[in-house]
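Enquirer: Here this note's numbering runs 188 ahead of the position in the sequence shown, where the first position is 1. Yeah, the Cβ is synthetic: ideal placement off N, Cα and C, and Gly gets one too.
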Amino acid sequence: VKAYYRRADANLALNKIKLALLDFRRASKYAPKDPDLRRKLQQCEKAVKVMQFEKALATPQEEVVPAYSKVVLEDMVVEEGFTGSRMAKDAEGKDVVTLDFVLSMIEDFKA
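1) What span of residues does the alpha helix (DSSP H) with residue 273 cover, start to end?
2) In whole angstroms, what is the alpha-carbon distance linking residue 229 and residue 257?
3) Would you kindly work out how many angstroms separate the C-alpha atoms of residue 270 and residue 284, rounded to a whole number?
4) Spatial neighbours of residue 273 within its chain, please: C-beta separation below 7 Å, excluding the five flanking residues on both sides.
5) With burial defined as no fewer than 16 other Cβ atoms inside 10 Å of the residue's Cβ, what is the status of residue 241: buried or exposed?
6) Starting from residue 174, follow its DSSP beta bridges and name the residues at the other end.
7) Can at least three beta-carbon pairs, one atom from the stretch 231-249 and one from the stretch 206-215, be found at a separation below 8 Å?
8) Decide if residue 203 is buried, meaning its Cβ has at least 16 other Cβ atoms within 10 Å, or exposed.
9) When you compare the CB positions of residue 216 and residue 225, do they come within less than 8 Å of one another, or not?
10) Give the DSSP-derived three-state secondary structure of residue 293 in the structure shown.
11) Rounded to whole angstroms, what is the Cα-Cα separation between residue 219 and residue 201?
12) I need the DSSP call for residue 268, collapsed to helix, strand or coil.
Structure, rendered in structure tokens:
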């Protein structure tokens with residue numbers, strides 16, 4: 189009985205409530221009138237019910253996708269009359285942010 193009680197008490201302290209409940213129930217079979225054991229068993233059963241209730245109310249967390257990962261530069265159209273800074277193209281023809289582009293943008297924003 190002592191071993192079940194002590195292991196259950198340790199599991200309860202470690203927040204392993206389901207394991208603690210199993211050991212408290214085993215110990216209560218051998219010492220059904222022990223008031224401390226009954227109190228801990230009730231406390232553990234209550235904690236399990238609270239966990240089940242919280243699990244039932246929980247909503248699945250959606251994965252947050254950053255906005256920048258949705259941006260496709262190739263799909264953006266720059267008007268022909270645009271006089272600001274333009275991104276350079278790499279060997280494959282994709283837009284690339286270069287130091288010159290950033291510096292010219294800074295100058296455009298200052299103006």
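Expert: In brief:
1) Unbroken run through residue 273: none, as it is neither H nor E.
2) 51 Å
3) 18 Å
4) 289, 292, 293, 296
5) exposed
6) Outside the displayed span of the chain (189 to 299) sits residue 174, for which this structure offers no information.
7) yes
8) exposed
9) yes
10) helix
11) 21 Å
12) coil
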